[in-house]
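Trainee:
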Amino acid sequence: MLKIKIKKELGQNFIIKKGIIKNIINIINIKKYDNIVEIGSGIGLITQKVLDITKNKIYSIEIDKELIKMLVNKFYFYSNYIFFQKDILKSDLSKIKNIRVIGNLPYHISVKILVKLIKYKKNIKDMHLMFQKEVSRRLSAKKGEKSWCGISVIIQYFCKVFKVLELSSDKFIPKPKVISTMIKLIPYKKKQLIVKDKKRFFYIVKKSFSKKRQTLQNNLKGLINISPKRRAKTLTIKEFVILTNTIIDLKDI
17 MLKIKIKKEL
27 GQNFIIKKGI
37 IKNIINIINI
47 KKYDNIVEIG
57 SGIGLITQKV
67 LDITKNKIYS
77 IEIDKELIKM
87 LVNKFYFYSN
97 YIFFQKDILK
107 SDLSKIKNIR
117 VIGNLPYHIS
127 VKILVKLIKY
137 KKNIKDMHLM
147 FQKEVSRRLS
157 AKKGEKSWCG
167 ISVIIQYFCK
177 VFKVLELSSD
187 KFIPKPKVIS
197 TMIKLIPYKK
207 KQLIVKDKKR
217 FFYIVKKSFS
227 KKRQTLQNNL
237 KGLINISPKR
247 RAKTLTIKEF
257 VILTNTIIDL
267 KDI
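Using my numbering, count along the sequence shown one by one with no gaps and you end on 269.
1. If you check the beta carbons only, do residue 250 and residue 159 fall under 8 Å apart?
2. Below 8 Å on the Cβ atoms is my contact criterion, and I expect residue 211 with residue 252 to pass it. Report the Cβ-Cβ distance as a whole number of Å.
3. For a quick check, are the C-beta atoms of residue 143 and residue 155 less than 8 Å apart?
4. Taking the alpha helix (DSSP H) that residue 218 falls in, what are its first and last residues?
5. Looking at the secondary structure, which residues open and close the beta strand (DSSP E) in which residue 145 lies?
6. Which stretch, first to last residue, makes up the alpha helix (DSSP H) that contains residue 255?
7. Grab the span of the beta strand (DSSP E) containing residue 120 for me, first residue to last.
8. With burial defined as no fewer than 16 other Cβ atoms inside 10 Å of the residue's Cβ, what is the status of residue 184: buried or exposed?
9. Return the CA-CA distance between residue 78 and residue 100, expressed in angstroms with no decimal places.
10. Consult DSSP for residue 83 and reduce its assignment to one of helix, strand or coil.
11. Measure how close the beta-carbons of residue 49 and residue 67 come, nearest whole angstrom, since I'm counting them as under 8 Å.
12. I'd like to know whether the C-beta atoms of residue 203 and residue 140 end up nearer to each other than 8 Å.
13. Compute the distance between the beta-carbons of residue 86 and residue 120, then report whether it is under 8 Å.
14. Can you give the beta carbon distance from residue 248 to residue 225, rounded, assuming they're within the 8 Å contact cut?
15. Using a Cβ-Cβ cutoff of less than 6 Å, which residues in the same chain neighbour residue 32 once the five nearest sequence positions on both sides are dropped?
16. Taking a contact to mean a Cβ-Cβ separation below 8 Å, would you say residue 254 touches residue 209 in this structure?
17. Rounded to whole angstroms, what's the CA-CA distance from residue 192 to residue 179? Just pull it up for me.
18. Kindly indicate which residue of 170, 104 and 96 has the alpha-carbon position closest to the one of residue 55.
19. Secondary structure at residue 91, three-state DSSP: helix, strand or coil?
20. In three-state terms, what does DSSP make of residue 17?
21. Between residue 98 and residue 65, which are expected to be in contact by the criterion C-beta below 8 Å, what is the C-beta distance as a whole number of angstroms?
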């Protein structure tokens, strides 16, 4: 049994099975000189495995004061272990370069965390993050699929997305009510299509999917004249970029 108080309000679910942890470490494929940012280090079981491999920095971001105290006591003798008792949504990663991000995210804010991380994409080599299965479906969905939605378009504009591991609820303590999926995301360093204004791109994508059964002409009424037969789920990322840039060229929204 864990000797800590599990805080439901922080979305805490810990992976404690050694076989699963070993599998996760193998999937991430950590190298000796990787810089690691771990979001939600929990009780430090994955942290320990990472420290056993990398000789470079591991930045541990954990909001729970009780867990931070335990982690510091456990890893104080590692000179490359750097901890922050902080909310990841309020953290600044801009000064940490060439990083690999790992984490079992609190599911109620997992998408917010991912959108936050995207802001630092130039500093990130890749990310291995745990999501609720339904969220992972949306993140990795393809055009025309039922799960294809605004967040699919936005995240895949910035990153390649791969599903790499699925875990049933009995692999966690306490057991979540959902199946979990680990996603690997690799930020694009160079994009073939460049959107002229990211904020407008976000707005147009969100607006396009606001009422899935309606056509783009209805959802984007007043912005641009396009075929009334098209729906958001039929558009590719490339088409959303072209649509956004066309609207920007035509008028100020």
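For every residue, glycine included, the Cβ atom is placed at its ideal position computed from N, Cα and C.
Mentor: Considering the structure as presented:
1. To locate residue 250, count along the sequence shown from 1; it is residue 234. To locate residue 159, count along the sequence shown from 1; it is residue 143. In this structure, residue 159 lies closer than 8 Å to residue 250 by Cβ.
2. In the sequence shown, residue 211 corresponds to position 195, counting from 1. In the sequence shown, residue 252 corresponds to position 236, counting from 1. Actually they do not touch by this definition, with Cβ atoms about 13 Å apart.
3. Indexing the sequence shown from 1 puts residue 143 at position 127. Indexing the sequence shown from 1 puts residue 155 at position 139. No; because the gap between Cβ atoms is not below 8 Å, this pair is not in contact.
4. In the sequence shown, residue 218 corresponds to position 202, counting from 1. Taken as a continuous stretch (DSSP letters only), the alpha helix (DSSP H) holding residue 218 covers 214 to 224.
5. Counting from 1 along the sequence shown, the entry for residue 145 is found at position 129. Per DSSP, residue 145 belongs to the beta strand (DSSP E) from 140 to 148.
6. Locating residue 255 in the sequence shown gives position 239, counting from the first residue. Residue 255 -> alpha helix (DSSP H) spans 253 to 266.
7. Against the sequence shown, residue 120 aligns to sequence position 104. 115 to 120 is the extent of the beta strand (DSSP E) around residue 120.
8. Residue mapping note: residue 184 aligns to position 168 of the sequence shown, counting from 1. Counting Cβ neighbours within 10 Å, residue 184 comes out exposed, since fewer than 16 surround it.
9. On the sequence shown, position 62 is the one that residue 78 refers to. On the sequence shown, position 84 is the one that residue 100 refers to. Taking the straight line joining both Cα atoms gives about 6 Å.
10. Working through the sequence shown from its first residue, we reach residue 83 at position 67. Three-state result, residue 83: helix.
11. The residue given as residue 49 occupies position 33 in the sequence shown. The residue given as residue 67 occupies position 51 in the sequence shown. That belief does not hold up - the Cβ atoms of residue 49 and residue 67 are roughly 14 Å apart, past 8 Å.
12. Looking up residue 203 in the sequence shown gives position 187. Looking up residue 140 in the sequence shown gives position 124. Going by C-beta atoms, residue 203 is nearer than 8 Å to residue 140.
13. As a position in the sequence shown, residue 86 is number 70, starting the count at 1. As a position in the sequence shown, residue 120 is number 104, starting the count at 1. Cβ distance not < 8 Å, so residue 86 and residue 120 don't count as in contact.
14. In the sequence shown, counting from the first residue as 1, residue 248 sits at position 232. In the sequence shown, counting from the first residue as 1, residue 225 sits at position 209. 5 Å between Cβ atoms; contact.
15. Numbered from its first residue, the sequence shown carries residue 32 at position 16. Within the same chain, residue 32 has close Cβ partners 189.
16. Mapped onto the sequence shown, residue 254 falls at position 238. Mapped onto the sequence shown, residue 209 falls at position 193. The answer is yes: Cβ separation under 8 Å.
17. Reading the sequence shown from its first residue, position 176 is the one you call residue 192. Reading the sequence shown from its first residue, position 163 is the one you call residue 179. Distance from the CA atom of residue 192 to the CA atom of residue 179, rounded to whole angstroms, is 19 Å.
18. Taking the sequence shown and counting its residues from 1, the one referred to as residue 55 is at position 39. With distances taken between Cα atoms, residue 55 lies closest to 104.
19. Counting from one through the sequence shown, the residue named residue 91 turns up at place 75. If DSSP states are grouped into helix, strand and coil, residue 91 belongs with the helices.
20. Within the sequence shown, numbered from 1, the residue matching residue 17 stands at position 1. Bear in mind that the predicted position of residue 17 carries a pLDDT of just 48, short of 50, making it too unreliable to give a figure here.
21. Within the sequence shown, residue 98 is the residue found at index 82, counting from 1. Within the sequence shown, residue 65 is the residue found at index 49, counting from 1. Not really, about 17 Å apart at Cβ, beyond 8 Å.
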